Amino acid sequence: MESQPRRTFLARLAGAFLGLGAMVTSWPLFRSLIPNVLYEPPRRFKIGPPDEFQQGVTFLDDRRVYLFRENSGFYAISGICTHLGCTVKFAPFARKETRTVRGLTFEAIGEFRCPCHGSRFHGDGTNYAGPAPRPLAWHPVEISPDDGQLVVDVGAEVDRDFRLVV
Ligand code: FES
Numbered sequence: 114m115e116s117q118p119r120r121t122f123l124a125r126l127a128g129a130f131l132g133l134g135a136m137v138t139s140w141p142l143f144r145s146l147i148p149n150v151l152y153e154p155p156r157r158f159k160i161g162p163p164d165e166f167q168q169g170v171t172f173l174d175d176r177r178v179y180l181f182r183e184n185s186g187f188y189a190i191s192g193i194c195t196h197l198g199c200t201v202k203f204a205p206f207a208r209k210e211t212r213t214v215r216g217l218t219f220e221a222i223g224e225f226r227c228p229c230h231g232s233r234f235h236g237d238g239t240n241y242a243g244p245a246p247r248p249l250a251w252h253p254v255e256i257s258p259d260d261g262q263l264v265v266d267v268g269a270e271v272d273r274d275f276r277l278v279v
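Just add 113 to wherever you are in the sequence shown, counting from 1, and you've got the numbering used here.
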C-alpha cells in the first residue's frame with residue numbers, strides 16, 4: 114500500500130506534466146493571434162529642398178539611392194546591385210564622357226561598380242560586366258506640394274530619360 118505523501122507527489126507531478134503539455138500544444142494557437150508585422154521604412158520619402166543638392170551626384174546612404182543633379186534637372190538611380198543586393202559604389206571619371214548605351218546618348222560623369230562580385234554599370238545604370246542580370250532601377254523624383262522638398266519613391270520605377278526639372 115502506497116503512502117499518502119507519495120501519492121500526492123505523483124498526482125502533482127502528473128498535473129505539472131499535463132499543464133506543460135497543454136501550454137506547449139496551445140502555443141501555436143496563441144501565437145497565431147499575434148500578427149506578423151514587418152516594420153519597414155516608407156518607400157516614398159523626402160530628402161530635402163532642391164537647393165541643398167550640389168551639381169553631380171549625392172549618395173543617400175541610409176536609402177541606398179544616388180541622386181543626380183544636372184543644372185536644374187534631378188533623377189535618382191538605385192544603389193542596390195541587381196545581382197544579390199550589395200550596395201554599388203559610384204566611381205567618378207576624371208572628366209565627362211559622352212556615352213551611347215541602349216540607344217540613349219548621355220554625358221557620363223562616372224559609373225557604378227559592385228564590390229561584392231565585380232558587376233559594373235554605366236552611368237545610366239545599365240549593366241555591362243559581371244553577374245548582374247539587369248540595370249539598376251531608376252526611381253521617380255517629385256516636388257512635395259507641402260514644403261517644396263524633393264521626394265524619392267523607391268517603390269516605383271521610371272525610364273532612363275526621366276528628369277525632374279525645378
Ligand atoms: S551583388 Fe553585386 S555583383 Fe554580386
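Cβ coordinates follow ideal geometry from the N, Cα and C atoms, glycine included. Every value quoted in this text rests on a predicted model; they were computed, and no experiment measured them.
Give a single yes or no on whether Ala269 has its beta carbon closer than 8 Å to a heavy atom of the ligand FES. Taking the first residue of the sequence shown as 1, we reach residue 269 at position 156. Checking the Cβ of Ala269 against the ligand FES gives no.
Whole-Å CB distance - Phe203 paired with Phe225, under 8 Å assumed: For the purposes of this step, residue 203 is identified with residue 90 of the sequence shown, where counting begins at 1. For the purposes of this step, residue 225 is identified with residue 112 of the sequence shown, where counting begins at 1. Contact flag correct, Cβ pair sits at about 6 Å.
Provide the residue span of the alpha helix (DSSP H) that contains Ser185, from first to last. Numbered from 1 along the sequence shown, position 72 holds the residue referred to as residue 185. Where Ser185 is concerned, there is no enclosing alpha helix (DSSP H), given that its DSSP letter is neither H nor E.
Could you check if Pro244 belongs to the surroundings of the ligand FES, using beta carbon to heavy atom distance under 8 Å? Your numbering for residue 244 matches position 131 in the sequence shown. Checking every heavy atom of the ligand FES against the Cβ of Pro244, one is found closer than 8 Å.
Taking C-beta to C-beta, are Gly238 and Ala250 nearer than 9 Å? To locate residue 238, count along the sequence shown from 1; it is residue 125. To locate residue 250, count along the sequence shown from 1; it is residue 137. Yes. Within cutoff.
Please classify Thr195 as buried or exposed, where buried requires at least 16 other C-beta atoms within 10 Å of its C-beta. Taking the first residue of the sequence shown as 1, we reach residue 195 at position 82. The residue is buried, with at least 16 neighbouring Cβ atoms inside 10 Å.
Candidates Val267, Ala245, Gly268, Asn240: which alpha carbon is nearest Leu197's? Mapped onto the sequence shown, residue 197 falls at position 84. Checked all of Val267, Ala245, Gly268, Asn240; the closest Cα to Leu197 is Ala245.
Nearest by alpha-carbon distance to Ala233: which of Glu220, Lys209, Leu217, Cys199 is it? Counted from its first residue, the sequence shown places residue 233 at position 120. Before going on, a small fix: residue 233 reads as Arg here, not Ala. The candidate whose alpha carbon is nearest that of Arg233 is Cys199.
Measure the C-alpha to C-alpha separation of Tyr241 and Gln168 and round it to an integer number of angstroms. Locating residue 241 in the sequence shown gives position 128, counting from the first residue. Locating residue 168 in the sequence shown gives position 55, counting from the first residue. Those two C-alpha atoms are separated by around 26 Å.
Classification of Tyr152 by the beta-carbon crowding that lies within 10 angstroms, buried from 16 upward: As a working mapping, residue 152 is identified with position 39 in the sequence shown. By the neighbour-count rule (16 or more Cβ atoms within 10 Å), Tyr152 is not buried but exposed.
Val267 and Arg156 closer than 9 Å at C-beta: Here residue 267 is taken as the residue at index 154 of the sequence shown, counted from 1. Here residue 156 is taken as the residue at index 43 of the sequence shown, counted from 1. Yes, the Cβ-Cβ distance between Val267 and Arg156 is below 9 Å.
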